[in-house]
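Novice: The structure follows.
In our numbering, the protein residues as written are 14 to 357.
Here's what the structure looks like:
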């Protein structure tokens, strides 16, 4: 932007005001400002106006995404805060201001739950399509994951809204991580420090189950069948490890190891599900090592008296003294009691 000659110089030379020159001067100002900044966006700016130390005062709430907004609007989070949700049992609805034109991967939103969820739910923002809410691992929400009046935080991943825990990770989420991420095979047996088995597991308590009742039970029946008891898929038993310790099958892999003999233990260690043994045992004579005991007794003697008479001591049967308490002995090694569970 340039300036025309000074009006003061014209005045010193006695030159009157020239309307044409004045008009050109104002047109020059107008063109210069248009090149620096625009307010409404009708004119494309060709340069930027320096804003150092400059503040826009009394800025109102933005109504469009390409408008200035007041700091209070940004701090209050109205562009991301949906307030109290509404809707039915499986679709939660919220509104944002300004209106959201489309979903974009990475967008973050917060809202307050109007009612507890009864299972998987969808989130609908404004007039956009309702999208599912899932856990970060992709699992559907379980009943109660969204508590009434809870403030939740979700991130759009391009396909669904991922629920980001703000306060805690639920037990159901932990169970899902164990079952889905670690990929423990169905039928796996492992010790467990708790009382109740987590989701996807059953305690090894010998109970009978109907495989037709649930898909998880069908998968377990396909692995163990009636090895541990039962008659068919409508009534099959899980292993009963109450008060028992598991041992490896002696013929596991096809070759006999010969480490657990049926003759002595009474257990067919080549058959899965075979059981036996006891916590205490009383020794039999056959199990005692061979031994003897020394003891003293009287024998007959010959007397060399003048009448050549014999004197014989009185005979009798002698026994060693009794000892021991006739009690069974324990077979228990150092022990810590835990639960055992089997994967469905």
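Cβ atoms here follow ideal geometry from the backbone N, Cα and C, with glycine treated the same way.
1. If I'm right that residue 134 touches residue 170 with Cβ under 8 Å, what's the distance once you round it to whole angstroms?
2. Could you check the C-alpha separation between residue 9 and residue 79 for me, to the nearest Å?
3. Check residue 52 in the structure and name its three-state DSSP category.
4. In the structure shown, what three-state DSSP assignment does residue 354 receive?
5. Tell me whether the beta-carbon of residue 248 lies closer than 8 Å to the beta-carbon of residue 220.
6. Thinking C-alpha only, which one of 129, 127, 265, 122 is nearest residue 138?
7. Are there three or more Cβ pairs, one per stretch, closer than 8 Å when the stretch 252-264 is compared with the stretch 273-286?
8. When the Cα atoms are used, what is the spatial distance from residue 129 to residue 101?
9. By the three-class DSSP mapping on this structure, what secondary structure does residue 298 have?
10. So, residue 356 versus residue 266, is the Cβ gap smaller than 8 Å?
11. Where residue 341 and residue 296 are concerned, what is the direct C-alpha to C-alpha distance, given to the nearest angstrom?
12. Quick check on residue 134: does DSSP put it in helix, strand or coil?
13. What distance in whole Å lies between the Cβ atoms of residue 160 and residue 407, which are believed to be in contact at a cut-off of 8 Å?
14. In whole angstroms, what separates the C-alpha of residue 141 from that of residue 108?
15. Taking Cβ to Cβ, would you say residue 233 is nearer than 8 Å to residue 200?
16. Could you say which of 240, 158, 343 lies nearest to residue 291 if we only look at CA atoms?
17. In chain order, which continuous runs of the beta strand (DSSP E) of length 3 or greater are located wholly inside the stretch 170-254?
18. How many angstroms separate the CA atom of residue 25 from the CA atom of residue 77?
19. What is the DSSP secondary structure of residue 42, reduced to helix, strand or coil?
20. So, residue 353 versus residue 254, is the Cβ gap smaller than 8 Å?
21. I'd like to know whether the C-beta atoms of residue 163 and residue 147 end up nearer to each other than 8 Å.
22. Whose CA, out of 350, 40, 168, 150, lies closest to the CA of residue 93?
23. Would you tell me roughly how many angstroms separate the C-alpha atoms of residue 202 and residue 118, rounded to the nearest one?
24. Classify residue 98 as buried or exposed, calling it buried when 16 or more other Cβ atoms lie within 10 Å of its own Cβ.
25. Could you check whether the Cβ of residue 288 sits closer than 8 Å to any Cβ belonging to chain C?
26. Between residue 345 and residue 215, what straight-line distance do the alpha-carbon atoms span, to the nearest angstrom?
27. Give me whichever residues DSSP pairs with residue 153 in a beta bridge.
28. Looking at the structure shown, is residue 25 part of a helix, part of a strand, or coil, going by DSSP?
Specialist: Checking against the coordinates, here is how it stands:
1. Going by Cβ atoms, the distance from residue 134 to residue 170 rounds to 16 Å, so no, they are not a contact pair.
2. No answer is possible for residue 9: it lies beyond the span of the chain, which begins at 14 and ends at 357.
3. Its pLDDT being 48, under 50, residue 52 is placed unreliably in this model, and the value from its coordinates should be taken loosely. In the three-state reduction of the DSSP assignment, residue 52 falls in the coil class.
4. Here residue 354 carries a strand assignment [DSSP, helix/strand/coil].
5. no
6. 122
7. yes
8. Rounded to whole angstroms, residue 129 to residue 101 spans 11 Å at the Cα level.
9. In the structure shown, residue 298 sits in a helix (DSSP, three-state: H, G or I).
10. no
11. Their Cα atoms are separated by approximately 7 Å.
12. Looking at residue 134 - three-state DSSP - the assignment turns out to be strand.
13. In this structure the chain extends from 14 to 357, so residue 407 is not present and cannot be described.
14. 10 Å
15. yes
16. 343
17. 174-177, 202-205, 214-216, 243-245, 248-250
18. 53 Å
19. Three-state DSSP puts residue 42 in a helix.
20. yes
21. no
22. The shortest C-alpha to C-alpha distance from residue 93 to any of 350, 40, 168, 150 is the one to 168.
23. The alpha-carbon atoms of residue 202 and residue 118 are separated by roughly 41 Å.
24. buried
25. Considering every chain present, this structure includes no chain C. It has just one protein chain.
26. For residue 345 and residue 215, the distance between alpha carbons rounds to 26 Å.
27. 147
28. helix
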